[in-house]
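>
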DNA sequence: TTGCATCCCATGAAATCCCATGTTATACCA
DNA sequence: TGGTATAACATGGGATTTCATGGGATGCAA
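Following this line, the structure appears as structure tokens:
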């Protein structure tokens, strides 16, 4: 038995005229294993759709409920924004979910969607936007973490 | 459950037309013992594939989940990069995994792959590239740690 | 009725499984 | 110790299943 799960990988799927997309099969397996459901909402920070298991939002709600952190007001606000925007997306017998106009528009998705794993969450992007975003992140991470390559010291010039 | 295991040794295996490679049997034993699964992704710093147990990523996800800045930008970037690139690779009844085009291309692997143990992780290289990389590393180590020299025999002078 | 969302079936492509075979490593016995 | 028998492993190819995706049918609400 596994209590853990991870949304991984990057998967490109078609969006048909009805707004339907196949949820990647790995993601479906997680939903089944956990007996939970997929929840999606507009990302607060990026032009993409964000998704997770309903369980995760439940944990968030509990944290807020029991939090004694005086300075977490901002986080509470942000979280509440998400709750207001989030919606359950069950998938049909062929494994597809029907994304709404609101979500598709926010992410600028028309006929192709990119699912990007984020561990306990995932995101859905427009292909071109994701390409740019990935390039940005790679550059950013490499810049900020030269430490990743400690064996390349140039001490003897 | 044991948390101690090591990916060791250097093993050369064939990659067939379908992208299938035998996972070294020692590695398979580790997967079975830990009841985990192999996860692979493109190395951030080298032209090679990197692999580890899913447990390792799961720990990372838990750390992020329980950290206080749920909405941190840097964290978002990192999770996208790591979880978005990583993919589970279960092996079939004959012990093979099917590497993807994306990974093979990144590592420049066509028909032969070299598995290199790295302890908690391992890497998969194109044979020629690994040969160069190993030479580079050895040279680097000797240069930066002259103390090692006295123990080296002078047999290839 | 009309528009919209869900459900069901069909199809092609891709990933996975299974069996067969040669090779290498290990165990066993003289 | 050497030599052979046995088991483990790597690898090729074909069969099978899963998956993504298009299209039509069905049900519900305005």
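Residue numbers (the working numbering), protein chains in the order written: chain A, 1 to 157; chain X, 1001 to 1157.
Note that the Cβ used here is the ideal one computed from N, Cα and C, for glycine as well.
1) Quick check: the region 93-113 of chain A against the region 31-48 of chain A, are at least 3 beta-carbon pairs closer than 8 angstroms?
2) Hey, is residue 36 (chain A) close to the ligand COA, as in C-beta under 7 angstroms from one of its heavy atoms?
3) Evaluate contact between the region 85-93 of chain A and the region 1087-1104 of chain X, counting only Cβ atoms and requiring at least three cross-stretch pairs below 8 angstroms.
4) For residue 1051 (chain X), write down the residues that DSSP places opposite it in a beta bridge.
5) Can you tell me whether DSSP reads residue 1113 (chain X) as helix, strand or coil?
6) Taking the Cβ atom as the reference point for each residue, do residue 1113 (chain X) and residue 1031 (chain X) lie within a distance shorter than 8 angstroms?
7) Using the beta-carbon count (16 or more within 10 Å), is residue 117 (chain A) buried or exposed?
8) Determine the DSSP secondary structure at residue 1034 (chain X), reduced to helix, strand or coil.
9) How many angstroms separate the CA atom of residue 133 (chain A) from the CA atom of residue 1042 (chain X)?
10) Report all residues from its chain with a CB closer than 7 angstroms to the CB of residue 1157 (chain X); omit the five preceding and five following residues, and keep chain order.
11) What's the gap between the Cα of residue 64 (chain A) and the Cα of residue 1059 (chain X)?
12) May I have the straight-line CA-CA distance separating residue 105 (chain A) from residue 1131 (chain X), to the nearest angstrom?
13) Can you check DSSP and say which residues form a bridge with residue 1013 (chain X)?
14) With which residues is residue 1021 (chain X) paired in a DSSP beta bridge?
15) Give me the Cα-Cα distance between residue 96 (chain A) and residue 144 (chain A), rounded to the nearest whole angstrom.
16) So for residue 5 (chain A), helix, strand or coil by DSSP?
17) When burial is assigned at 16 or more other CB atoms within 10 Å of the CB, is residue 1025 (chain X) buried or exposed?
So, from the data block:
1) yes
2) Looking for the ligand COA in the displayed structure turns up nothing, as the structure carries no ligands at all.
3) no
4) X:1040 and X:1122
5) strand
6) no
7) buried
8) helix
9) 17 angstroms
10) Low per-residue confidence applies at residue 1157 (chain X): pLDDT is 39, beneath 50, and the placement is therefore not dependable enough to give any value.
11) 23 angstroms
12) 50 angstroms
13) X:1113
14) X:1015 and X:1097
15) 39 angstroms
16) coil
17) exposed
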